[in-house]
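Encoded as structure tokens, the structure appears first; notes follow it.
2 protein chains.
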Amino acid sequence: MDRAVTISQVAALAGVSTGTASKALNGRGALRPETRLRVQQAAEQLGFVANAAARSLQTGRTYTVGMITTDSIGRFSIPLLIGAEDALGAGQMSIFLCDARDDPIREQYYLRTLLSRKVDGIIVTGRRTQARAPIGVGLPVPVVYAFISSADPADCSVVPDEADGSRRAIRHLLAVGRRRIALVTGPEHHHSASVRARAAEDTLAAEGLRPAVPTLYGEWSEAWGRQAAGILLSTGADVDAVFCGSDQIARGLAEALTKAGREIPRDVALVGFDNWDVMVEGCQPPLTSIDMDLEGIGRTAAEQLLAAINGTPAHGQHARPCRLVPRASTAV
Amino acid sequence: MDRAVTISQVAALAGVSTGTASKALNGRGALRPETRLRVQQAAEQLGFVANAAARSLQTGRTYTVGMITTDSIGRFSIPLLIGAEDALGAGQMSIFLCDARDDPIREQYYLRTLLSRKVDGIIVTGRRTQARAPIGVGLPVPVVYAFISSADPADCSVVPDEADGSRRAIRHLLAVGRRRIALVTGPEHHHSASVRARAAEDTLAAEGLRPAVPTLYGEWSEAWGRQAAGILLSTGADVDAVFCGSDQIARGLAEALTKAGREIPRDVALVGFDNWDVMVEGCQPPLTSIDMDLEGIGRTAAEQLLAAINGTPAHGQHARPCRLVPRASTAV
DNA sequence: AACGCTTAGGAAATCGATTGCCTAAACGCT
DNA sequence: AGCGTTTAGGCAATCGATTTCCTAAGCGTT
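Residue numbers (the UniProt record's numbering), protein chains in the order written: chain A, 1 to 332; chain B, 1 to 332.
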């Protein structure tokens, strides 16, 4: 545990004033190249690292951003975080991660903390059931919502275009020759579930088709997928494909259908949603799925935040397209 | 975007000096209760939040810690992070999350950044095949390794006692009457795989038993689990239980065994490792598993870090016991 | 030689909060 | 009434780096 090195020590070693040392290290001012070099070597020798607090006190910038996950840090937050880090890391910014755990009190507490730390901006994220209330109004720093969206249209939100994902899934199933397509998804009150289902239905309708059976709403679990398989089988409906609201549902369905003697994809083709590695690869056969490109969303959100920090804020909701990743569960 | 409120504005509004305002807000000095209240109300009214940079410049403490994940932020990092946040949040500290992505250059870069931000301490985490080299020597702040351990025994590491987990798994299988137990796990060169396997073998040996077949090493995947099932069946060995090195392996095994007509747990009991919710619950039947209590490890690591920050550092490797979570796959 | 101009680098203010020291007022005591 | 003691709160230094302004030295020119 050494003692921290300050710029005055560097200046002293190089035989200059602290002001000159600062200029030398930051490439400012008019200095002889030789002096500059001398200071840099002194800094190197002492292992000098500038105190960020002192610097930000002077400059007003901290080069930090806060990331508040409103519900718990989960599977979805990781790629978002990685994407954001990518975009920010290049600009040398650090991220404060705050897990509000779906508690408004915690959320406001974290917001306060971030403001006291004078972050340059804030990214708000979380799994969405629907648009959320803005985290604050008249905040002294820009805020960008990622994955989740703000109810205030003046706020900047970056979200996946889930309807686009659904359309891709349905078009893909149609392209591989399926026509009797069923939809199995999560809770009806969940924004993602209803948006995805509706877009799928609309895409079918555009082809003059309807779901093979009325859309089945349930939960986001494998258990529900298995249960839904039973329901589908029991109706006797002649289904040749199922578009699922999540990979977990798809996987449960795959398991139960296989057990009941249906062969995937020959008898029934399957498409999931999320493209969650362990699920799509663990599924038998491997699962075709829709990828929301969460990393891209994280990256875009961070870029929007940087733009806002630099004075050119974007507004409104930015929907990013999804991507279909074909695998054996829909192979022709 | 309001302008930030400083303590001088609060002081002015309350009609006192900045020094007095500071004392009033921090409960220091000798002030009339009435004055204190007046300042507090002024602060409230203006929405004053102290500038953390200015404060830390003066006090030397930043109330922030850095968390560096050496390999990518993954499934294991989340509970660790949550645990750490728990322990630190209570003490009002914030966490800088840095993802080094298994790149030593990035790692050193992040270390530098954290030091410039004068974090009070650093938690290093990551999944590793074995103990890692210390992240730095003679650092000006305390460091605690979580989940992963440092090769330097003088460093403080908090890790799961994986051997303990294995013993619990084997004892549980013995307790439910199994004797012909097979072991299927990850790559032999992977520290966790070998430690878990060896502890399991030793526990069996202590009962005068040996694994039903030589330990099968492979990868940490469901695919390997399925493949291993095939191997077990083909040897014709009369196995009545399998202890797997991960939940994914166990799940693959469960699927393949069921398909081959074996009933779980009647014919073969299964124990996994990690207690990963989606795996243990998705498995049919639900999987008995070993929980390493990652949240507890994160919490303990943070507590150790706080202790070190407060001047009483711990040294050496602290192994924390695991927990067996019984489910249907080993039900009697 | 005297003047003006450029260049290199120093001195000091500044950012915002904390804190040690000091002083004026109020109080109690003889 | 006078003196010592307590109390309340102000003043100013401080943390470390940046930045503006300023000055001294060095140069060329006539």
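We put the CB at the ideal spot given by N, CA and C, even for glycine.
(request) Check whether the Cβ atoms of A/A241 and A/G272 sit closer than 7 Å, and answer yes or no. (result) Numbered from 1 along the first sequence, position 241 holds the residue referred to as residue 241 of chain A. Numbered from 1 along the first sequence, position 272 holds the residue referred to as residue 272 of chain A. Not a contact, by the Cβ cut-off of 7 Å.
(message) Taking CB distances under 7 Å as the criterion, tell me whether A/E85 reaches chain B.
(response) In the first sequence, counting from the first residue as 1, residue 85 of chain A sits at position 85. Answer yes: the Cβ-Cβ gap between A/E85 and chain B drops below 7 Å somewhere.
(request) Quick one: list the residues of chain A neighbouring B/Q248, beta-carbon separation under 9 Å, in chain order. (result) Locating residue 248 of chain B in the second sequence gives position 248, counting from the first residue. What B/Q248 touches in chain A: V278, G282.
(request) For my contact list, B/G136 and B/A302 are in at a C-beta cut-off of 8 Å; report their separation, rounded to the angstrom. (result) Along the second sequence, one-based indexing puts residue 136 of chain B at 136. Along the second sequence, one-based indexing puts residue 302 of chain B at 302. That pair is no contact at about 19 Å.
(request) Would you list the one or two residues that DSSP bridges to B/S22? (result) Here the question's residue 22 of chain B lines up with position 22 in the second sequence. DSSP output for B/S22 lists no bridge partner at all.
(request) Give me the Cα-Cα distance between A/G225 and A/Y217, rounded to the nearest whole angstrom. (result) Reading the first sequence from its first residue, position 225 is the one you call residue 225 of chain A. Reading the first sequence from its first residue, position 217 is the one you call residue 217 of chain A. Roughly 10 Å between the two C-alpha positions.
(request) Count the other C-beta atoms from every protein chain shown that fall within 10 angstroms of the C-beta of A/D2, then say buried if there are 16 or more, exposed otherwise. (result) Here residue 2 of chain A refers to the residue found at position 2 of the first sequence. Confidence in A/D2 is poor, its pLDDT being 46 and thus under 50, which makes the residue's placement unreliable; the coordinate value appears in the next sentence. So A/D2 ends up on the exposed side.
(message) I want to verify the contact list: residues of chain B whose CB lies under 8 Å from the CB of A/T235, in sequence order.
(response) For this step, residue 235 of chain A is matched to residue 235 along the first sequence. What A/T235 touches in chain B: nothing, since even the nearest Cβ is about 23 Å away.
(request) State whether the segment 290-300 of chain B contacts the segment 71-81 of chain B, with contact taken as three or more CB pairs (one from each stretch) at a distance under 8 Å. (result) yes
(message) Just to confirm the assignment: which complete beta strand (DSSP E) runs, minimum length 3, are found wholly within the segment 236-320 of chain A?
(response) 241-244, 269-273, 288-291, 316-320
(message) Give me the subset of the UniProt domain "HTH lacI-type" (5-59) of chain A whose CB atoms are less than 7 Å from a CB atom of chain B, sorted by chain position.
(response) V49, A50, N51, A52, A53, A54, S56, L57
(request) Quick one: grab the DSSP three-state call for A/V141. (result) On the first sequence, residue 141 of chain A is found 141 positions in, with the first residue counted as 1. Coil, per DSSP.
(message) For a quick check, are the C-beta atoms of B/P134 and B/D161 less than 7 Å apart?
(response) Here residue 134 of chain B refers to the residue found at position 134 when the second sequence is read from its first residue. Here residue 161 of chain B refers to the residue found at position 161 when the second sequence is read from its first residue. No, the Cβ-Cβ distance between B/P134 and B/D161 is not below 7 Å.
(message) Residues of the segment 212-225 of chain A in Cβ contact with chain B at a cutoff of 8 Å, in chain order, please.
(response) S221, E222, A223
(message) Rounded to whole angstroms, what is the Cα-Cα separation between B/R327 and A/T113?
(response) Reading the second sequence from its first residue, position 327 is the one you call residue 327 of chain B. Reading the first sequence from its first residue, position 113 is the one you call residue 113 of chain A. Their Cα atoms are separated by approximately 42 Å.
(request) Could you please tell me which residues of the segment 136-150 of chain A, in chain order, have their CB closer than 9 Å to any CB of chain B? (result) G138, L139, P140, V141, P142
(message) Less than 7 Å between the beta carbons of B/G165 and B/C322, yes or no?
(response) Here residue 165 of chain B corresponds to residue number 165 of the second sequence, with the count starting at 1. Here residue 322 of chain B corresponds to residue number 322 of the second sequence, with the count starting at 1. Cβ atoms of B/G165 and B/C322: closer than 7 Å.
(request) Taking A/G91 as part of the beta strand (DSSP E), name the residues at either end of that continuous run. (result) The sequence position of residue 91 of chain A within the first sequence is 91, counting from 1. A/G91 -> no beta strand (DSSP E), and no H or E assigned at all.
(message) Considering just the uninterrupted stretch of the beta strand (DSSP E) at B/L324, what are its terminal residues?
(response) Taking the second sequence and counting its residues from 1, one reaches residue 324 of chain B at position 324. For B/L324, the enclosing beta strand (DSSP E) has its first and last residue at 323-325.
(message) Just verifying my parser: in three-state terms, what is the DSSP assignment at B/V39?
(response) Within the second sequence, numbered from 1, the residue matching residue 39 of chain B stands at position 39. B/V39: helix per DSSP, three-state reduction.
(message) As a quick exercise: from B/A237, B/G186, B/P286, pick the residue whose alpha carbon is nearest that of B/E255.
(response) Reading the second sequence from its first residue, position 255 is the one you call residue 255 of chain B. Closest by alpha carbon: B/P286.
(request) Could you tell me whether the Cβ of A/I264 comes closer than 7 Å to any Cβ of chain B? (result) For the purposes of this step, residue 264 of chain A is identified with residue 264 of the first sequence, where counting begins at 1. No, A/I264 lies away from the interface with chain B (no Cβ there is under 7 Å from its Cβ).
(request) For B/A215, count neighbouring C-beta atoms within 10 Å of its own C-beta (all shown protein chains included) and say buried if the count is 16 or more, exposed if not. (result) By 1-based counting over the second sequence, the position of residue 215 of chain B is 215. The residue asked about is misnamed: residue 215 of chain B is Thr in this sequence, not Ala. B/T215 comes out buried.
(request) Decide yes or no for the touch test of the segment 85-101 of chain A against the segment 166-174 of chain A: beta carbon pairs closer than 8 Å, at least 3 of them. (result) no
(message) Please tell me whether B/I122 has its Cβ less than 7 Å away from any Cβ of chain A.
(response) As a first step, residue 122 of chain B is located in the second sequence; it is residue number 122 there, counting from the start. No, B/I122 lies away from the interface with chain A (no Cβ there is under 7 Å from its Cβ).
(message) Looking at B/E222: is its Cβ nearer than 7 Å to the Cβ of A/G66?
(response) Position 222 of the second sequence, counted from the first residue, corresponds to residue 222 of chain B. Position 66 of the first sequence, counted from the first residue, corresponds to residue 66 of chain A. No, the pair does not count as a contact, with Cβ atoms beyond the cut-off.
(message) Pull the bridge partners of residue 344 of chain A from the DSSP assignment, please.
(response) The structure shown does not extend to residue 344 of chain A, since chain A is modelled only from 1 through 332, so no value can be given for it.
(request) Under the assumption that B/A21 contacts B/V39 (Cβ atoms under 8 Å), give the Cβ distance between them as a whole number of angstroms. (result) As a working note, residue 21 of chain B is residue 21 in the second sequence. As a working note, residue 39 of chain B is residue 39 in the second sequence. Right, their Cβ atoms sit about 5 Å apart.
(request) Give the secondary structure of A/S157 by DSSP, where H, G and I count as helix, E and B as strand, and everything else as coil. (result) Counting from one through the first sequence, the residue named residue 157 of chain A turns up at place 157. In the structure shown, A/S157 sits in a strand (DSSP, three-state: E or B).
(request) Run the proximity test for B/C98: is its beta-carbon closer than 6 Å to any non-hydrogen atom belonging to the ligand PLP? (result) Among the components of this structure there are no ligands whatsoever, and the ligand PLP is therefore not found.
(message) Suppose the cutoff is 7 Å on Cβ atoms and the five residues either side in sequence are ignored; what does the same chain contact list for A/A163 look like?
(response) What you label residue 163 of chain A is simply residue 163 of the first sequence in a count that begins at 1. Same-chain partners within the cutoff: V195, A199.
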